[in-house]
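**Student:** For the sequence shown, our numbering gives the first residue as 18, with consecutive numbering after it.
Handing you this structure, nothing more for now.
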Amino acid sequence: MTVGRKWSAPKSELLVPFDGSFRIDAAPTSPSRELDKAAVEAARRERTLEIYELQRKLYADNRYAALFVFQAMDAGGKDGTIRNVFTGVNPAGFQVSSFKAPSDEELDHDFLWRVAQQLPERGRIGVFNRSHYEEVLVVRVHPEFLEGQRLPNLDLETIWSERFESIRSFEKHLAENGTIIVKFFLNVSFQEQTRRLLRRIDKPTRNWKFNPGDVKERERWPDYMHAFEEALNETSRPWAPWYAIPADNKPYMRLQVARIVHETLESLGVDFPKIDEAARLALAECREALERQ
Ligand code: ATP
Ligand code: MG
């Protein structure tokens, strides 16, 4: 992308359309056909290597920041996907931020405040493991959480559409100032979530991941699906698209995310900066000076 040309989201059937027509019931949670696991993993590793190469160029180019947002139901696979897709990227140009229930200090500010502080700087890749979208997901399912936010003039009729408006404007502002934003909804089915939570109970090395609260929370599954559907429809826009990734098959999910991350970085056309003739002559002089010393 050069200055003045509009960035456009990588094409994919998983892209959430910008016209509000996304239906979560119709969105797939698994691949449409049987896949060869080893081949899928090999393809993912190839993408990861490409991501590593492009990250070096993004860093050298130093104009764009890339932000990848991950949202999912519990056990949707956010942590493992982030780990797999970004394995090997240079830690100096990469940061992951996780957002939990807000602290007292965070509650003293508007809901975008804590997110703004974690945005990647130019040249870097930032990943959000959960994000400002919790404010229209978990908080929507539990509007009682709004009490802690002490909003004057709180109106439950209008707050969600106001938040969507805030989020769209915030992301548009970032996009116009050099941050590329791509968002992933890891779409896991209720049945697969059951299986994964059971595995966290049954497998000692996964016990630490089990949170008894997740069992209670999934009773609200239909409310979450409604909240996700509306959030994606209201905030998937050309400057900050959502992709709904089938998440029941982990290797497939990771490959889809890696592919979109790779294509996003590639679409920027970043490269190592080339120097002009004057700079080249200056370098030649430096070389001579170094050799003389
Ligand atoms: P994860 O579940 O993402 O793997 P974790 O288990 O390490 O992460 P949790 O203790 O589950 O961490 O913290 C995440 C919790 O914080 C989630 O239940 C999430 O809904 C909640 N949370 C995040 N942001 C907000 C918010 N703005 N308001 C209320 N709750 C939030
Ligand atoms: Mg959790």
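Just so it is clear, CB atoms sit at the ideal spot from N, CA and C, and this is done for glycine as well.
Sort out for me which residues DSSP pairs Ile142 with in a bridge.
**Tutor:** Ile142 is bridged to Ala83 and Phe111.
**Student:** What are the boundary residues of the beta strand (DSSP E) that Trp259 is part of?
**Tutor:** Unbroken beta strand (DSSP E) run through Trp259: Trp259 to Pro263.
**Student:** Measure the Cβ-Cβ separation of Pro137 and Ala82 and say whether it is below 7 Å.
**Tutor:** In contact: Pro137 and Ala82 (Cβ atoms closer than 7 Å).
**Student:** In the DSSP assignment, what are the bridge partners of Lys200?
**Tutor:** For Lys200, which the question treats as bridged, DSSP gives the partners Val86 and Trp259.
**Student:** What does the alpha-carbon distance come out to for the pair Val259 and Trp225?
**Tutor:** A quick correction: the sequence has Trp, not Val, at residue 259. If you take the alpha carbons of Trp259 and Trp225, they lie about 30 Å apart.
**Student:** Anyone know if the C-beta pair for Val153 and Arg180 falls short of 7 Å?
**Tutor:** Yes, they are a contact pair.
**Student:** So what's Leu282 in DSSP terms, helix, strand or just coil?
**Tutor:** Helix.
**Student:** At the level of alpha carbons, what is the spacing between Lys200 and Ala306?
**Tutor:** Their Cα atoms are separated by approximately 50 Å.
**Student:** Nearest to Phe103 by alpha carbon, out of Asp121, Gln134 and Glu70?
**Tutor:** Checking every option, the nearest Cα to that of Phe103 belongs to Glu70.
**Student:** Buried or exposed for Glu246, please, with buried defined as at least 16 other CB atoms from any protein chain shown within 10 angstroms of its CB.
**Tutor:** With 16 or more other Cβ atoms within 10 Å, it is buried.
**Student:** Flag this pair as yes or no: are the beta carbons of Phe39 and Leu249 separated by less than 7 Å?
**Tutor:** Contact: yes.
**Student:** Give me every residue whose Cβ sits closer than 7 Å to any heavy atom of the ligand MG, in chain order.
**Tutor:** This selection yields Asp91, Asn228 and Asp231.
**Student:** Confirm the yes/no value for this check: CB of Lys117, any heavy atom of the ligand ATP, distance under 6 Å.
**Tutor:** Yes, the ligand ATP has a heavy atom inside 6 Å of this Cβ.
**Student:** DSSP beta-bridge partners for Arg254?
**Tutor:** Partner(s): Ala257.
**Student:** Assuming contact is defined by CB atoms lying nearer than 7 Å, are Arg216 and Phe35 in contact in what I supplied?
**Tutor:** Not in contact: Arg216 and Phe35 (Cβ atoms no closer than 7 Å).
**Student:** Which runs of the beta strand (DSSP E) spanning at least 3 residues fall entirely within the region 40-102, listed in chain order?
**Tutor:** Those beta strand (DSSP E) runs which fall completely within the region 40-102 and span 3+ residues are 82-89.
**Student:** Check each candidate in Glu193, Pro169 and Gln310 and name the one with the smallest Cα separation from Trp256.
**Tutor:** When only C-alpha atoms are compared, the closest one is Glu193.
**Student:** Going by Cα to Cα distance, which pick from Ser206, Ala301 and Pro239 is closest to Ala92?
**Tutor:** Among Ser206, Ala301 and Pro239, the Cα nearest to that of Ala92 belongs to Ser206.
**Student:** So is the beta-carbon of Glu152 under 6 Å away from any non-hydrogen atom of the ligand ATP?
**Tutor:** Answer for Glu152: yes, Cβ within range of the ligand ATP.
**Student:** Quick one: is the Cβ of Phe162 within less than 6 Å of any heavy atom of the ligand ATP?
**Tutor:** Result yes, Cβ under 6 Å from the ligand ATP.
**Student:** Report yes if the C-beta of Arg216 is less than 6 Å from at least one heavy atom of the ligand ATP; otherwise report no.
**Tutor:** Checking the Cβ of Arg216 against the ligand ATP gives no.
**Student:** Taking all protein chains shown into account, decide if Ser178 is buried (16 or more other Cβ within 10 angstroms of its Cβ) or exposed.
**Tutor:** Burial call: exposed.
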